[in-house]
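Read left to right, the sequence shown gives residues 8 to 221 (the working numbering). Quick reminder that beta carbons are idealized off the backbone N, C-alpha and C, glycines included. From a predicted model like this one, the values you see are computed outputs, not experimental measurements. A short write-up of the structure that comes next.
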Amino acid sequence: MNLILLGPPGAGKGTQSRRLSDKLKIPQISTGDLLRAARTAKTPLGLQAESYMTSGKLVPDDLVVSMIRERMQQPDCRKGYILDGFPRTVGQAEALEKMLIVSQSGMDHVVNLFVAEEELVKRLSGRRQCRKCGENFHTSFLPSRKDGFCDRCGGELFQRDDDREEVIRNRLSVYGKQTAPLIEYYRKQGLLREIRGVGTVDEIFETMLKVVSG
Ligand code: AMP
Numbered sequence: 008m009n010l011i012l013l014g015p016p017g018a019g020k021g022t023q024s025r026r027l028s029d030k031l032k033i034p035q036i037s038t039g040d041l042l043r044a045a046r047t048a049k050t051p052l053g054l055q056a057e058s059y060m061t062s063g064k065l066v067p068d069d070l071v072v073s074m075i076r077e078r079m080q081q082p083d084c085r086k087g088y089i090l091d092g093f094p095r096t097v098g099q100a101e102a103l104e105k106m107l108i109v110s111q112s113g114m115d116h117v118v119n120l121f122v123a124e125e126e127l128v129k130r131l132s133g134r135r136q137c138r139k140c141g142e143n144f145h146t147s148f149l150p151s152r153k154d155g156f157c158d159r160c161g162g163e164l165f166q167r168d169d170d171r172e173e174v175i176r177n178r179l180s181v182y183g184k185q186t187a188p189l190i191e192y193y194r195k196q197g198l199l200r201e202i203r204g205v206g207t208v209d210e211i212f213e214t215m216l217k218v219v220s221g
């Protein structure tokens, strides 16, 4: 099964796609995680992406598209994949369509997780991420059992440099201008499934499973 998880920063795409990946046994491909790994490794791509990411802007389409093309050609993607944070512009969606034609495959569902903006700001400003496995926690809504460490793998938790309030507002505005048009784009293709991203992680996951199995 090939899936796209669409939604603003903080909607829960990472958390839900990681769970879906465990359940459906297909990889989660997060362009944000891939770019952060490239930054940590100081690869040419990581160095090019750095200034865009710290200011909350999108990394240029050509860089992200070639990164994702390479990732989707890995053998673990043969049975399907969950795209988390890609595509984020109409240009990326068009590039993805071409890749799907070349590989003679298609998209099964595009799940849009929607959440009100004020809720997103609260979620993102308290978010903490595991350095090792990428799992997300929240200082008030979902604290880890041991302060500063991941419940899942024991890795160290950190605050992303783009989860500061001024950058958050910028990311949400970039989302509204550049990514939200994809909702209509996929609605017209009959692929869009909409889910309210509020409630517990388990509740949202149950709804998500029903939607992608239906
Ligand atoms: P995320 O972890 O998905 O919130 O992404 C973090 C940052 O990585 C974004 O604010 C962008 O700077 C960059 N990024 C991630 N995915 C993309 C994408 N598909 N296109 C452009 N930039 C991206």
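Within the DSSP secondary-structure output, Asp-91 pairs in a beta bridge with Leu-12, Ser-37.
Out of Val-72, Ala-56, Leu-41, the CA that lies nearest to the CA of Val-66 is found in Ala-56. Sixteen is the threshold: since fewer than 16 other Cβ atoms of the shown chains lie within 10 Å of the Cβ of Gln-80, the residue is exposed. Cα atoms of Ala-102 and Val-72: separation of roughly 7 Å, rounded to the nearest angstrom. Measuring C-alpha to C-alpha distances from Arg-26 to each of Arg-167, Ile-89, Ser-151, Ser-112 identifies Ile-89 as the nearest. Cβ-Cβ separation between Leu-31 and Val-118: approximately 13 Å, too far for a contact (criterion under 8 Å).
In terms of Cβ geometry, Gly-87 and Asp-115 form a close pair [threshold 9 Å]. Pairing Gly-39 with Val-122 gives a Cβ-Cβ distance that is not under 9 Å. Val-218 is positioned such that its CB atom lies closer than 9 Å to that of Arg-200.
When distances are taken from the beta-carbon of Ala-187 to the heavy atoms of ligand 1, even the shortest one reaches 8 Å or more. As for any beta strand (DSSP E) of minimum length 3 sitting wholly inside the stretch 153-184, there is none. In the structure shown, Cys-84 adopts helical secondary structure according to DSSP, grouped into three states.
Looking at the DSSP output, Phe-148 bridges to nothing.
Val-118 has Leu-12, Arg-200 as its beta-bridge partners, per DSSP. In the DSSP assignment, Arg-134 falls within the unbroken beta strand (DSSP E) covering 134-137. Inclusion of Met-60 in the 8 Å shell around ligand 1 follows from its C-beta lying nearer than that to a non-hydrogen atom of the ligand. Between the C-alpha atoms of Arg-134 and Gly-21 there is a straight-line separation of about 12 Å.
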